[in-house]
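This report refers to the structure that appears directly beneath it.
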Amino acid sequence: MARVVVTVPDRARRGEILQIRTLAGHDMETGFRHTQTGERIPRDIITRFACSYNGVEVFSADLHPAMAANPLIEFTTVATESGTLEFRWTGDNGYSAAHSVSIRVD
Amino acid sequence: MTTRRRFLLLAGGAVASAAAQAQLPPNIAALRQAALQEAVRQVTGGAPVRPGRVKLELPPLVDNGNAVPLAVEVESPMTAADHVAAIHVFTEKNPQPRVVSARLGPRAGRARIATRARIADSGAVLAIAQMSDGSFWSDSVSVVVTLSACLEDGLI
Amino acid sequence: MSARVLPWCLLLALAWGARAEIPLAERRSGYLDMGQATRAMQDDDATNPATLWVLDGEALWARKAGSAALACADCHQDLRGVAARHPAYDAATGRLVNLEQRINQCRTVRQQAPALAYESRALLALTAYVGRQSRGMPIQVEASERTKPFLEAGRATFLRRQGQLNLACTQCHDERAGRRLAGVAIPQGHPTAYPIYRLEWQGVGSLHRRLRNCMIGIRAEPYALGAPEYVELELYLMWRARDMPLESPGVRP
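Chains as they are written, first to last, in the working numbering: chain Y, 1 to 106; chain S, 107 to 262; chain H, 263 to 515.
Listed below in structure tokens is the structure:
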């Protein structure tokens, strides 16, 4: 189950800066570990995170193996209008997770 | 009766033997420095990187290198004409130098990101901010990474 | 409740040989031994990675399971205090059960579903969810005539030298707590936050997993997850941490 946690206020004043915190459940296997018999464990990580605000991408990040497991990404965006914030994570081996939040901007 | 000195030697030996398993090339530090320079060059295209305007926050002594909280904040009005376009984070001692590259823009309001990184060994962490005018600014912090005292895989 | 009142003779018996025990007022949770950044990670559910498991647990709690097609939520509404008083004496079987065993008891007997394996995602999610409901509440396990044999067995394990390093838990966690080992402060070892997101594991794990780590660390043959020796030790550790607030699910290095 691609579990994610997104924390963002559901209401804001126009022009206010929204503090957004996201967590994604993922082991983020680096590709640098080995089994006890010496075989390399292949890389399996989230490679990209993006946030869209009413369809416009306002933030994105490329993730590398040095990101900790169950990655936390905190960022900001200006509350411009009411609508939907969509969050998407994609990664190796077809990993995909999504979450959306409605926000009311007065 | 186990003396204190003997206790510490035994405990230290238990930790050291677990860490000494990997066969690393003798010039590993030089290889990693070269990889870091190359990764930075790929991001900047060879443009000069000036220290300043960027604040990289990291705990100086980390509890565990598996999850090191870090935050990067950049001084910028974040207007359409003058904003931070991207923030890139690198490490000096990891097997590969990149951590994260975040794309911002005027809609961010503030140029600040926070996350948690894996840091393999004590050394430098580098944050580079790419501005809308094409300039690059940076900050660098040295961290000390300690190991947990009782490693789970210690028997192998 | 009279069964929870500590009889005078039991108090005396447990106090005997307590020369190295930490005075009650000087006990501190491992939370205080962590760096400020790790404490901040635990304090905020929005950044505590264990929240991922709590949410999974919440979903599992509501899901019907087994041939009885029963969900945990069908019988249990208020979970506050449950995690804070386990391991507990199970009158039906005369045995000591911890939270994992209690959950599995419900699964096999009432839900008619297979038991969940120790350290499985599902069992950790459920204990994280149940533990979360007791956050902030004082640890209060039963110390009475009927739990006395289990408490004494757990205490004996705590005081016993084990392994190639020939160390007893008390030597590090009573006598040398607060001093540093390999650059890290030795905690007093109170189970105030289980199940924990351990940075070393990069995931959530149970107290038994942590106890296995300790025994491997002193080069002792660890007991199996869920072994009675661990459940008894768990009871003793919870009693040793009595009245300390539960932080579950916590973050630890």
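Heads up, the beta-carbon is just placed ideally off N, CA and C, and yes, glycines get one too.
Can you confirm whether LEU461(H), when its beta carbon is compared against all beta carbons of chain S, has any partner nearer than 8 Å? Sequence index remark: in the third sequence, residue 461(H) carries index 199 (1-based). Judged by the 8 Å Cβ criterion, LEU461(H) is in contact with chain S.
Under 6 Å Cβ to Cβ from VAL4(Y), same chain only, skipping five residues before and after it: list those, please. Looking up residue 4(Y) in the first sequence gives position 4. Here the set comprises ALA24, ALA97, HIS99.
Distance check for GLU198(S) and ASN133(S), CA to CA, integer angstroms please. Residue 133(S) sits at position 27 when you count from the first residue of the second sequence. Residue 198(S) sits at position 92 when you count from the first residue of the second sequence. The straight-line gap from Cα to Cα measures roughly 14 Å.
Residues near GLN127(S) by beta carbon distance below 7 Å, same chain, minus five either side: Within the second sequence, residue 127(S) is the residue found at index 21, counting from 1. Residue placement at GLN127(S) is poorly supported in this model, since its pLDDT is 47, which falls under 50; the coordinates still yield a value, given next. Around GLN127(S): no qualifying Cβ.
For SER102(Y) and ALA79(Y), the rounded distance between their alpha carbons: Indexing the first sequence from 1 puts residue 79(Y) at position 79. Indexing the first sequence from 1 puts residue 102(Y) at position 102. If you take the alpha carbons of ALA79(Y) and SER102(Y), they lie about 12 Å apart.
Does the distance from the C-beta atom of ALA333(H) to that of ALA324(H) stay below 8 Å? Walking along the third sequence from the start, residue 333(H) turns up at place 71. Walking along the third sequence from the start, residue 324(H) turns up at place 62. In this structure, ALA324(H) lies closer than 8 Å to ALA333(H) by Cβ.
Starting from MET303(H), trace the beta strand (DSSP E) in both directions and tell me its first and last residue. Taking the first residue of the third sequence as position 1, residue 303(H) is located at position 41. Premise fails: MET303(H) lies in the alpha helix (DSSP H), 298 to 305, not in any beta strand (DSSP E).
Going by C-alpha to C-alpha distance, which of ALA379(H), SER510(H), ALA415(H) sits closest to TYR498(H)? Position 236 of the third sequence, counted from the first residue, corresponds to residue 498(H). Ranking the options by Cα distance to TYR498(H), first place goes to ALA415(H).
With distances taken between CB atoms, is the gap from GLN450(H) to ARG347(H) smaller than 8 Å? Here residue 450(H) corresponds to residue number 188 of the third sequence, with the count starting at 1. Here residue 347(H) corresponds to residue number 85 of the third sequence, with the count starting at 1. No, the pair does not count as a contact, with Cβ atoms beyond the cut-off.
Who are the neighbours of LEU317(H) on chain B, taking C-beta pairs under 8 Å? Among the protein chains in the structure shown, which are Y, S and H, there is no chain B.
DSSP three-state assignment for ALA390(H), whether helix, strand or coil: Residue 390(H) sits at position 128 when you count from the first residue of the third sequence. DSSP places ALA390(H) in helix when its eight states are reduced to three.
How would you list, in chain order, the residues of chain S whose beta-carbon sits under 7 Å from the beta-carbon of ALA98(Y)? In the first sequence, the residue the question calls residue 98(Y) occupies position 98. By Cβ distance, chain S contributes nothing, its closest Cβ being about 19 Å from ALA98(Y), past 7 Å.
Measure from the C-beta of LEU23(Y) to each C-beta in chain H and report whether the shortest distance is under 8 Å. Residue numbering aside, residue 23(Y) sits at position 23 when the first sequence is read from its first letter. Yes, LEU23(Y) lies at the interface with chain H (some Cβ there is under 8 Å from its Cβ).
Looking at PRO166(S): is its Cβ nearer than 8 Å to the Cβ of ALA299(H)? As a first step, residue 166(S) is located in the second sequence; it is residue number 60 there, counting from the start. As a first step, residue 299(H) is located in the third sequence; it is residue number 37 there, counting from the start. Not closer than 8 Å, so no.
Please check if any C-beta of chain S sits within less than 8 Å of the C-beta of LEU63(Y). Here residue 63(Y) refers to the residue found at position 63 of the first sequence. So yes, LEU63(Y) belongs to the interface.
So PHE59(Y) contacts chain S; which residues on that side make the cut at Cβ distance below 9 Å? What you label residue 59(Y) is simply residue 59 of the first sequence in a count that begins at 1. Those are ALA208, ARG209, LEU210, GLY211, ARG213, ALA214, ILE219, listed as they occur along chain S.
Kindly give me the distance between the Cβ atoms of VAL231(S) and THR221(S), rounded to whole angstroms, as I take these residues to be in contact under 8 Å. Residue 231(S) sits at position 125 when you count from the first residue of the second sequence. Residue 221(S) sits at position 115 when you count from the first residue of the second sequence. Not confirmed; about 12 Å, so no contact.
Output, in chain order, the set of chain H residues within a Cβ distance shorter than 8 Å of ASP27(Y). One-based indexing of the first sequence puts residue 27(Y) at position 27. Within chain H, the residues near ASP27(Y) are GLN464, GLY465.
Evaluate CYS434(H) with the Cβ neighbour count: other Cβ atoms within 10 Å of its Cβ, from every protein chain shown; 16 or more gives buried, anything less gives exposed. Here residue 434(H) corresponds to residue number 172 of the third sequence, with the count starting at 1. With 16 or more Cβ atoms within 10 Å of its Cβ, CYS434(H) is classed as buried.
State buried or exposed for ASP10(Y), treating a residue as buried only when at least 16 other CB atoms are found within 10 Å of its CB. Within the first sequence, the letter at position 10 stands for residue 10(Y). Counting Cβ neighbours within 10 Å, ASP10(Y) comes out exposed, since fewer than 16 surround it.
When you compare only the Cα positions, how much space is there between HIS194(S) and LEU63(Y)? Numbered from 1 along the second sequence, position 88 holds the residue referred to as residue 194(S). Numbered from 1 along the first sequence, position 63 holds the residue referred to as residue 63(Y). Taking the straight line from one Cα to the other gives about 10 Å.
Using only alpha-carbon positions, find the residue among PRO400(H), ALA444(H), ARG383(H), CYS476(H) that is nearest to ASN428(H). The residue you call residue 428(H) lines up with position 166 of the third sequence. Here the closest residue by C-alpha is CYS476(H).
Local conformation of HIS470(H) per DSSP, three classes: The count along the third sequence starts at 1 and reaches residue 470(H) at position 208. Correct three-state label for HIS470(H): helix.
On the criterion of 16 or more Cβ atoms from any shown chain inside 10 Å, does SER182(S) qualify as buried, or is it exposed? As a first step, residue 182(S) is located in the second sequence; it is residue number 76 there, counting from the start. SER182(S) is buried by the Cβ-count criterion.
Assuming ALA69(Y) and GLN464(H) form a contact by the criterion Cβ under 8 Å, report the distance between their Cβ atoms to the nearest whole angstrom. By 1-based counting over the first sequence, the position of residue 69(Y) is 69. By 1-based counting over the third sequence, the position of residue 464(H) is 202. At roughly 4 Å, the Cβ-Cβ gap stays under 8 Å, so ALA69(Y) and GLN464(H) are in contact.
Does ALA390(H) get closer than 8 Å to chain S when you measure Cβ to Cβ? The residue given as residue 390(H) occupies position 128 in the third sequence. So no, ALA390(H) is outside the interface.
The beta strand (DSSP E) that contains THR77(Y), what's its start and end? By 1-based counting over the first sequence, the position of residue 77(Y) is 77. Taken as a continuous stretch (DSSP letters only), the beta strand (DSSP E) holding THR77(Y) covers 72 to 78.
Closer than 9 Å by beta-carbon distance: list the chain S residues that pair up with PRO453(H), in chain order. For the purposes of this step, residue 453(H) is identified with residue 191 of the third sequence, where counting begins at 1. Ordered by position in chain S, no residue passes the 9 Å Cβ test against PRO453(H), which lies about 16 Å from the chain.
Own chain, CB closer than 6 Å to VAL493(H), minus 5 neighbours either side, in chain order: In the third sequence, counting from the first residue as 1, residue 493(H) sits at position 231. The answer, listed in chain order, is PRO349, LEU358, ASN360.
Can you tell me whether ILE478(H) is buried or exposed? The criterion is at least 16 other CB atoms within 10 Å of its CB, across all chains shown. Residue numbering aside, residue 478(H) sits at position 216 when the third sequence is read from its first letter. Its Cβ being crowded by 16 or more others within 10 Å, ILE478(H) is buried.
Any C-beta of chain Y under 8 Å from that of SER244(S): For the purposes of this step, residue 244(S) is taken as residue 138 along the second sequence, with counting starting at 1. Not one chain Y Cβ lies under 8 Å of SER244(S).
Integer-rounded CB distance, given that SER329(H) should sit under 8 Å from GLN516(H): Because residue 516(H) is not part of the residues shown, which for chain H are 263 to 515, the question remains open.
Compute the Euclidean distance between the alpha carbons of GLN367(H) and ALA377(H), then round it to the nearest angstrom. For the purposes of this step, residue 367(H) is identified with residue 105 of the third sequence, where counting begins at 1. For the purposes of this step, residue 377(H) is identified with residue 115 of the third sequence, where counting begins at 1. Taking the straight line joining both Cα atoms gives about 8 Å.
Counting only Cβ pairs nearer than 9 Å, list the residues of chain Y close to ALA379(H). Stepping through the third sequence from its first residue, residue 379(H) is reached at position 117. What ALA379(H) touches in chain Y: nothing, since even the nearest Cβ is about 17 Å away.
Tell me, please, whether the stretch 499 to 515 of chain H touches the stretch 396 to 403 of chain H by the rule of three or more beta-carbon pairs shorter than 8 Å. yes
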